[in-house]
Ligand SMILES: Cc1cc2nc3c(=O)[nH]c(=O)nc-3n(C[C@H](O)[C@H](O)[C@H](O)COP(=O)(O)OP(=O)(O)OC[C@H]3O[C@@H](n4cnc5c(N)ncnc54)[C@H](O)[C@@H]3O)c2cc1C
Ligand code: HEM
């Protein structure tokens with residue numbers, strides 16, 4: 001089948017002078033939404049795509065592009081692209097993320113191209129060809145975005161005045177925990193916004209004068225963010241708008257100091273970490289960070305969810321507590337356990353998009369946690385307890401010695417607001433309220449009066465998560481009411 005490339009006719013310039021092309025009748029945005037919602041449009045669905053595979057698909061009849069972490073088959077979308085076929089073909093068979101960012105970082109590609117997803121990219125980006133030069137087609141080439149354009153398109157106004165940088169967001173909703181700020185050693189300031197269910201965006205201001213200090217205060221109300229430094233001198237000579245705006249940027253890592261390590265049981269430790277100066281980095285409910293270590297030149301990373309995350313708006317007072325199970329035969333934790341109080345551990349900015357607060361505020365919540373899978377549940381249980389909402393926790397462990405003292409979580413498992421069922425897979429003597437075995441349909445049916453109108457949370461090793469979801473589905477729970485932390 002051959003796709004006829006439509007003749008490109010300029011129909012309009014956007015507000016900033018960029019070109020839009022005339023699309024054929026029936027090829028508008030709504031037509032695309034209709035088409036993409038009715039069928040799969042990708043010619044293949046793969047567990048992963050590497051660079052060798054991606055480069056093969058660089059024709060108008062077979063066009064795959066890499067956007068951030070995923071490869072999309074955009075062959076069907078070509079004719080619907082408001083910037084024209086040729087513009088989109090510049091990214092054919094290669095990484096189009098930067099180009100996409102330059103023109104329209106606000107376009108919601110995840111949802112628009114859902115039916116075109118081929119699979120995650122696992123190849124080597126450096127082995128991909130460069131994107132093609134801009135087409136002329138008798139048109140002026142699409143003009144790249146300046147930071148001013150991007151701010152305007154994103155509905156953000158920025159004001160740098162006296163000792164303050166302020167942002168007003170008009171198109172998307174943020175809360176204080178959706179923002180990270182870092183005053184960096186190279187005299188730049190990074191502001192990261194992480195609205196729920198949307199891509200994150202980083203804004204970098206250069207040429208600040210930190211005068212050896214990094215002190216600022218953060219205030220947030222009515223979608224207005226104010227970052228106030230302790231002296232106006234910090235902002236003398238600073239750029240009035242961000243020099244760089246990036247969508248879905250790689251998370252930054254910061255060196256936290258290990259303030260305290262406590263042994264909790266035979267294989268679990270509690271790590272209390274303090275953030276470095278110059279960082280405002282709250283961790284939203286149920287979100288995790290990536291811990292990073294280096295072993296003989298190899299970088300090791302693993303995700304961890306804090307069980308307590310206190311972040312004050314005045315910087316330098318952010319404390320995170322992690323409950324970490326050590327696997328003697330593991331890769332990361334045997335290195336982690338070598339660190340001592342006073343040592344530094346690198347932690348990323350938070351990593352998740354889901355609004356767990358919204359899910360956790362459902363009237364009925366049931367949690368299925370295995371081993372250290374209890375960690376994302378702790379802050380949710382505390383929040384529900386404070387709101388006087390009832391929760392049920394199934395806590396799966398091998399033996400009684402694996403249990404973790406509830407005092408650590410600032411919760412009482414005897415409380416009427418919290419029903420806890422301890423389930424042991426490997427314990428001989430089971431007493432009172434305790435249960436034996438692994439997660440399964442019968443165990444859930446025998447111990448829950450209803451599965452209706454309930455939000456379920458699942459967290460544990462991969463095998464546990466799969467078994468838990470299967471059991472819940474067998475009990476009639478719709479997948480959309482199950483959130484897995486993974
Ligand atoms: C979102 C998220 C949040 C997390 N939060 C926490 C937390 O707060 N606290 C916490 O303790 N952990 C948490 N984890 C788990 C954590 O990220 C690590 O996986 C864990 O610390 C083990 O790392 P490791 O490298 O030491 O062990 P790994 O090398 O990952 O091995 C762990 C165990 O699995 C076994 N294993 C490894 N590969 C296989 C295989 N292919 N087949 C069978 N067995 C295998 C190993 O022998 C070992 O016993 C979280 C995980 C996720 C995804
Ligand atoms: C190779 C990568 C791409 C290039 C070079 C590119 C280029 C362009 C250009 C020049 C425009 C015209 C006007 C403007 O700047 O607003 C445009 C518009 C647009 N593009 Fe792309 N594009 C690319 C990829 C994509 C992809 C993958 C999608 C699908 C999700 C997409 C969706 C859109 C939309 C929706 C518009 C209209 C935007 C608006 O009106 O604000 N583009 N593109």
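Numbering (UniProt numbering), first residue to last: 1 to 486.
C-beta: ideal position from N, C-alpha, C; glycine also.
Source: prediction; values computed, not measured.
What residues in its chain sit with their C-beta under 8 Å from that of residue 122, if we drop five residues either side in the sequence? On the chain shown, position 122 is the one that residue 122 refers to. Here the set comprises 48, 49, 50.
Using a threshold of 6 Å, is the CB atom of residue 119 nearer than that to any non-hydrogen atom of ligand 1? Indexing the chain shown from 1 puts residue 119 at position 119. Result no, Cβ not under 6 Å from ligand 1.
Under DSSP, the alpha helix (DSSP H) around residue 382 begins and ends at which residues? The count along the chain shown starts at 1 and reaches residue 382 at position 382. From DSSP, the alpha helix (DSSP H) with residue 382 extends over 375 to 386.
Backbone CA spacing between residue 256 and residue 87 [nearest angstrom]: In the chain shown, the residue the question calls residue 256 occupies position 256. In the chain shown, the residue the question calls residue 87 occupies position 87. For residue 256 and residue 87, the distance between alpha carbons rounds to 44 Å.
Counting beta carbon pairs with one atom in the region 220 to 227 and one in the region 127 to 136, are three or more of them shorter than 8 Å? no
Among 26, 441, 422, 440, whose alpha-carbon lies nearest the alpha-carbon of residue 432? If you number the chain shown from 1, residue 432 lands on position 432. The shortest Cα separation from residue 432 among 26, 441, 422, 440 belongs to 422.
Please go through the region 181 to 244 and give each complete beta strand (DSSP E) segment of 3 or more residues, from N-terminal end onward. 189 to 193, 201 to 205, 216 to 221, 224 to 229
Under a three-way DSSP split, which group does residue 465 fall into? Within the chain shown, residue 465 is the residue found at index 465, counting from 1. Correct three-state label for residue 465: helix.
Can you give me the C-alpha to C-alpha distance between residue 198 and residue 427, rounded to a whole angstrom? The residue labelled residue 198 in the question sits at position 198 within the chain shown. The residue labelled residue 427 in the question sits at position 427 within the chain shown. Spanning the two alpha carbons is a distance of roughly 44 Å.
Which word fits residue 138, buried or exposed, when buried means at least 16 other C-beta atoms lie within 10 angstroms of its C-beta? Your numbering for residue 138 matches position 138 in the chain shown. Residue placement at residue 138 cannot be trusted, given a pLDDT of 39 that sits under 50; the coordinates are not used to answer.
Sort 175, 158, 438, 149 by Cα distance to residue 282 and report the nearest one. For the purposes of this step, residue 282 is taken as residue 282 along the chain shown, with counting starting at 1. Residue 282 has its Cα closest to that of 175, out of 175, 158, 438, 149.
As assigned by DSSP and simplified to three states, the class of residue 129: Counting from one through the chain shown, the residue named residue 129 turns up at place 129. Note: residue 129 maps to coil in three-state DSSP.
Tell me, to the nearest whole angstrom, how far the beta carbon of residue 45 is from that of residue 93; I am working on the premise that it is less than 8 Å. In the chain shown, counting from the first residue as 1, residue 45 sits at position 45. In the chain shown, counting from the first residue as 1, residue 93 sits at position 93. At roughly 18 Å, the Cβ-Cβ gap does not stay under 8 Å, so residue 45 and residue 93 are not in contact.
Who sits around ligand 1, taking every residue whose Cβ is closer than 6 Å to one of its heavy atoms? 288, 302, 303, 304, 305, 322, 323, 324, 325, 327, 329, 330, 331, 332, 333, 372, 375, 485, 486
I need the straight-line Cα distance from residue 396 to residue 458, nearest angstrom please. Reading the chain shown from its first residue, position 396 is the one you call residue 396. Reading the chain shown from its first residue, position 458 is the one you call residue 458. Rounded to whole angstroms, residue 396 to residue 458 spans 11 Å at the Cα level.
Inter-residue spacing [alpha-carbon to alpha-carbon] between residue 238 and residue 207: Translated into positions along the chain shown, residue 238 becomes position 238. Translated into positions along the chain shown, residue 207 becomes position 207. Their backbone Cα atoms lie some 5 Å apart in a straight line.
Where do the ends of the beta strand (DSSP E) carrying residue 44 lie? For the purposes of this step, residue 44 is taken as the residue at position 44 of the chain shown. Per DSSP, residue 44 belongs to no beta strand (DSSP E) and is neither H nor E.
Check whether residue 385 and residue 417 have beta carbons under 7 Å apart: Stepping through the chain shown from its first residue, residue 385 is reached at position 385. Stepping through the chain shown from its first residue, residue 417 is reached at position 417. In contact: residue 385 and residue 417 (Cβ atoms closer than 7 Å).
Given that a residue counts as buried once 16 or more other Cβ atoms are within 10 Å of its Cβ, and exposed if not, what is residue 42? The sequence position of residue 42 within the chain shown is 42, counting from 1. The residue is buried, with at least 16 neighbouring Cβ atoms inside 10 Å.
For residue 294, the three-state DSSP class (helix, strand or coil): Against the chain shown, residue 294 aligns to sequence position 294. Note: residue 294 maps to strand in three-state DSSP.
Kindly give me the distance between the Cβ atoms of residue 370 and residue 464, rounded to whole angstroms, as I take these residues to be in contact under 8 Å. Residue numbering aside, residue 370 sits at position 370 when the chain shown is read from its first letter. Residue numbering aside, residue 464 sits at position 464 when the chain shown is read from its first letter. Their Cβ separation, rounded to whole angstroms, is 4 Å, which keeps residue 370 and residue 464 in contact under 8 Å.
So, for residue 362: in the same chain, excluding its five sequence neighbours on each side, which residues have a beta-carbon less than 6 Å away from its beta-carbon? If you number the chain shown from 1, residue 362 lands on position 362. Correct list, in chain order: 455.
What is the C-beta distance between residue 436 and residue 451, in whole angstroms, given that I count them as a contact (C-beta under 8 Å)? By one-based count along the chain shown, residue 436 stands at place 436. By one-based count along the chain shown, residue 451 stands at place 451. That pair is no contact at about 22 Å.
Can you tell me whether residue 116 is buried or exposed, with buried defined as 16 or more other CB within 10 angstroms of its CB? What you label residue 116 is simply residue 116 of the chain shown in a count that begins at 1. It is buried - the Cβ of residue 116 has at least 16 other Cβ atoms within 10 Å.
How long is the line joining the alpha carbons of residue 140 and residue 85, rounded to whole angstroms? Looking up residue 140 in the chain shown gives position 140. Looking up residue 85 in the chain shown gives position 85. Because the pLDDT of residue 140 is 43, which lies under 50, any placement of that residue in the model is unreliable, and the number read from its coordinates should be weighed accordingly. Each residue's alpha carbon lies about 15 Å from the other.
Continuous alpha helix (DSSP H) stretch holding residue 62: start and end: The residue given as residue 62 occupies position 62 in the chain shown. Careful: residue 62 lies outside any alpha helix (DSSP H), inside the beta strand (DSSP E) at 62 to 67.
Starting from residue 445, follow the alpha helix (DSSP H) in both directions and report where the run begins and ends. Sequence index remark: in the chain shown, residue 445 carries index 445 (1-based). From DSSP, the alpha helix (DSSP H) with residue 445 extends over 441 to 447.
Taking 6 Å as the cut-off, is the C-beta of residue 109 nearer than that to any heavy atom in ligand 2? Here residue 109 corresponds to residue number 109 of the chain shown, with the count starting at 1. Yes, the beta carbon of residue 109 sits closer than 6 Å to at least one heavy atom of ligand 2.
Just to confirm, are residue 190 and residue 200 a CB contact at a threshold of 7 Å? To locate residue 190, count along the chain shown from 1; it is residue 190. To locate residue 200, count along the chain shown from 1; it is residue 200. Not a contact, by the Cβ cut-off of 7 Å.
Tell me which residues share the same chain as residue 54 and place their Cβ nearer than 8 Å to its Cβ, disregarding the 5 neighbours each side in the sequence. As a working note, residue 54 is residue 54 in the chain shown. Counting only Cβ-Cβ distances below 8 Å, and skipping sequence neighbours, we find 64, 66, 71, 93, 94, 121, 123, 128.
Bridge partners of residue 367, per DSSP? Sequence index remark: in the chain shown, residue 367 carries index 367 (1-based). In DSSP, residue 367 forms a bridge with 393, 457.
From residue 318 to residue 382, what does the alpha carbon distance come to, in whole angstroms? In the chain shown, the residue the question calls residue 318 occupies position 318. In the chain shown, the residue the question calls residue 382 occupies position 382. Each residue's Cα considered, the two are about 19 Å apart.
The region 153 to 172 in contact with the region 238 to 249 per 3-pair CB rule at 8 Å: yes
Return the CA-CA distance between residue 80 and residue 443, expressed in angstroms with no decimal places. Residue numbering aside, residue 80 sits at position 80 when the chain shown is read from its first letter. Residue numbering aside, residue 443 sits at position 443 when the chain shown is read from its first letter. Their Cα atoms are separated by approximately 51 Å.
Within a Cβ cutoff of 6 Å, which residues of the same chain sit near residue 372, ignoring the five residues on either side of it in sequence? Here residue 372 refers to the residue found at position 372 when the chain shown is read from its first residue. Excluding positions up to five away in sequence, the list reads 325.
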